[in-house]
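K.L.:
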Amino acid sequence: MSGAGTVLTSHDVTERLAWESQAPLTIRPSDFKPFPAKTNHVTERNKMKEVCKQCHGKVWVDDHFVKMDKVMIEYNDVYFKPAKKMLDDLYAKGLLDNTKFFDEKLEVEYYELWHHEGRRARFGAAMMAPDYAWWHGFYECKKRYNGYMEEARHLIETNKKAYVYPDFPNATGDTTRPKALFP
Ligand code: HEC
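5 is the number of the first residue of the sequence shown in this note's numbering; add one for each residue after it.
1. My parser needs the alpha helix (DSSP H) runs of 4 or more residues fully inside the region 81–169; what are they?
2. For the ligand HEC, is there any heavy atom lying closer than 7 Å to the beta carbon of residue 5?
3. Could you tell me which residues DSSP puts in a beta bridge with residue 78?
4. What I want to know is whether the C-beta of residue 8 ends up closer than 7 Å to one or more non-hydrogen atoms of the ligand HEC.
5. Terminal residues of the continuous alpha helix (DSSP H) containing residue 45?
6. Closer than 7 Å: is that where the CB of residue 60 sits relative to any heavy atom of the ligand GTP?
7. Could you tell me whether the Cβ atoms of residue 36 and residue 27 are closer together than 8 Å?
8. Helix, strand or coil for residue 17? Go by DSSP, reduced to three states.
9. With distances taken between CB atoms, is the gap from residue 122 to residue 152 smaller than 8 Å?
10. Going by DSSP, what residues sit across from residue 1 in a beta bridge?
11. Using 8 Å as the threshold, is the C-beta distance between residue 57 and residue 70 below it?
12. Count the other CB atoms within 10 Å of the CB of residue 159; is the residue buried (16 or more) or exposed (fewer)?
13. Here's the rule: buried if 16 or more other CB atoms are within 10 angstroms of the residue's CB, otherwise exposed. What is residue 4?
14. Keeping to the same chain, check which residues put their C-beta closer than 8 Å to that of residue 85; ignore five residues upstream and five downstream.
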């Protein structure tokens, strides 16, 4: 990444980041278990602001990050945490089966909530793309969240196990090395 002002050029892509916004629950980069950054989010945020301030004024830059932080927290608290809690409740009640992921509709819906529109909402806010943050992001989050909760509550009210896809295409878990089709 190029340097700017007092911020040096670096190969460390965890630098300048205050959030791990691609994770299901938005967390600090140092708390990201698969690849924990050896950084402090306050230090990195200040480095990022320093880059922005090469072109923009302080108030403009500060306001951008106020908005972005609010988006991260709102996504976490309003959408992700309640959806995750519902998923855990359904597993605990045995209404969803947790031996295999993606073989029940609510698992797919839960996944897409964070992986699809949940990411678009967060990345859209971070990258100044309002159309992504809202129409492809939070608007879709609301829609999916409502559908997800409706179906989840229906399972609880009727005490009925979710339908299991018997033949989820090509989700075999087979790790055999593929052979060349055309010699
Ligand atoms: C090299 C100069 C430069 C740097 C560095 C820079 N910007 Fe900008 N930024 C611009 C210019 C120029 C525009 C106006 C682009 C346009 O109108 O098409 C802009 C536009 C924006 C906008 C408005 C976007 C919109 O759709 O209205 C925001 C918000 C913004 N920048 C925030 C930031 C943040 C946050 C950073 C640091 C992460 C940053 N900028 C770094 C030059 C820069």
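Each residue gets a CB set at the ideal place from its N, CA and C atoms; glycine is no exception.
Quick caveat: nothing in here was measured; it's all calculated off a predicted structure.
P.N.:
So, from the data block:
1. Entirely contained in the region 81–169, the alpha helix (DSSP H) runs reaching 4 residues are, in chain order, 85–97, 109–116, 122–130, 134–137 and 143–162.
2. Flag unset: Cβ of residue 5 not near the ligand HEC.
3. Answer is none; residue 78 lacks a bridge partner.
4. Checking the Cβ of residue 8 against the ligand HEC gives yes.
5. It spans 45–56 - the alpha helix (DSSP H) in which residue 45 sits, taken as one unbroken run.
6. Ligands in the displayed structure: the ligand HEC; the ligand GTP is not one of them.
7. Result yes, Cβ atoms of residue 36 and residue 27 sit closer than 8 Å.
8. Residue state, collapsed to three classes: coil.
9. Their beta carbons are not under 8 Å apart, which means residue 122 does not touch residue 152 by this criterion.
10. Residue 1 lies beyond the residue range present for the chain, which begins at 5 and ends at 187; the question has no answer from this structure.
11. No, the pair does not count as a contact, with Cβ atoms beyond the cut-off.
12. Classification of residue 159: buried, given that the 10 Å Cβ count is 16 or more.
13. Missing from the structure shown is residue 4; the chain here goes from 5 to 187 and no further.
14. 29, listed in sequence order.
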